[in-house]
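Residue numbers (my numbering): 134 to 212. No residue lacks a Cβ here, since even glycine has one placed at the ideal position from N, Cα and C. Values in this document were obtained by computation on a predicted structure and should not be read as measured data.
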Amino acid sequence: MLTIEVLAVSAFQAPNQTFFRFAAMDSGGELAIQDLIRRGIRPAVDFGYPYGLLSLFIGRIWYGLVGLSPRTYQLEVMA
Numbered sequence: 134m135l136t137i138e139v140l141a142v143s144a145f146q147a148p149n150q151t152f153f154r155f156a157a158m159d160s161g162g163e164l165a166i167q168d169l170i171r172r173g174i175r176p177a178v179d180f181g182y183p184y185g186l187l188s189l190f191i192g193r194i195w196y197g198l199v200g201l202s203p204r205t206y207q208l209e210v211m212a
């Protein structure tokens with residue numbers, strides 16, 4: 134039942150995933166950090182990242198498989 138509720142809430146919030154939210158608010162932070170890593174900039178050395186490196190590693194694998202976009206970010210968070 135909880136899984137169905139999570140999927141329903143995610144489906145109804147999908148229209149809120151606008152470009153402005155990712156461009157000007159905190160939702161795009163994950164995408165920006167993944168882009169920095171792709172360019173060779175190292176977290177915790179070249180820029181501050183206090184949340185731990187495991188989540189960045191998982192994100193790097195995820196975005197390497199499915200691509201870097203707001204929609205794939207939403208799917209990663211939901212998973």
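Among the options, which one has its Cα closest to the Cα of residue i?
{"i": "Ser163", "options": "Val199, Thr136, Tyr182, Ala212", "result": "Position check: residue 163 holds Glu in this sequence, whereas Ser was assumed. The candidate whose alpha carbon is nearest that of Glu163 is Tyr182."}
{"i": "Asp179", "options": "Ala144, Leu208, Leu187, Ile166", "result": "Ile166"}
{"i": "Arg171", "options": "Ala212, Phe190, Val210", "result": "Phe190"}
{"i": "Ala202", "options": "Val139, Phe145, Asp168", "result": "A small correction: the amino acid at residue 202 is Ser; Ala does not occupy that position in the sequence shown. Ranking Val139, Phe145, Asp168 by Cα distance to Ser202 puts Asp168 first."}
{"i": "Gly161", "options": "Ser188, Met211, Tyr206", "result": "Tyr206"}
Run through DSSP, which three-state label would residue i get?
{"i": "Pro176", "result": "strand"}
{"i": "Tyr184", "result": "coil"}
{"i": "Gln200", "result": "The sequence shown places Gly at residue 200, rather than the Gln named in the question. DSSP places Gly200 in coil when its eight states are reduced to three."}
{"i": "Met134", "result": "coil"}
{"i": "Ala212", "result": "coil"}
Along the alpha helix (DSSP H) that carries residue i, what are the first and last residues, could you check?
{"i": "Gly161", "result": "First-last for Gly161: undefined, no H or E at that position."}
Using the beta-carbon count (16 or more within 10 Å), is residue i buried or exposed?
{"i": "Gly185", "result": "exposed"}
{"i": "Gly200", "result": "exposed"}
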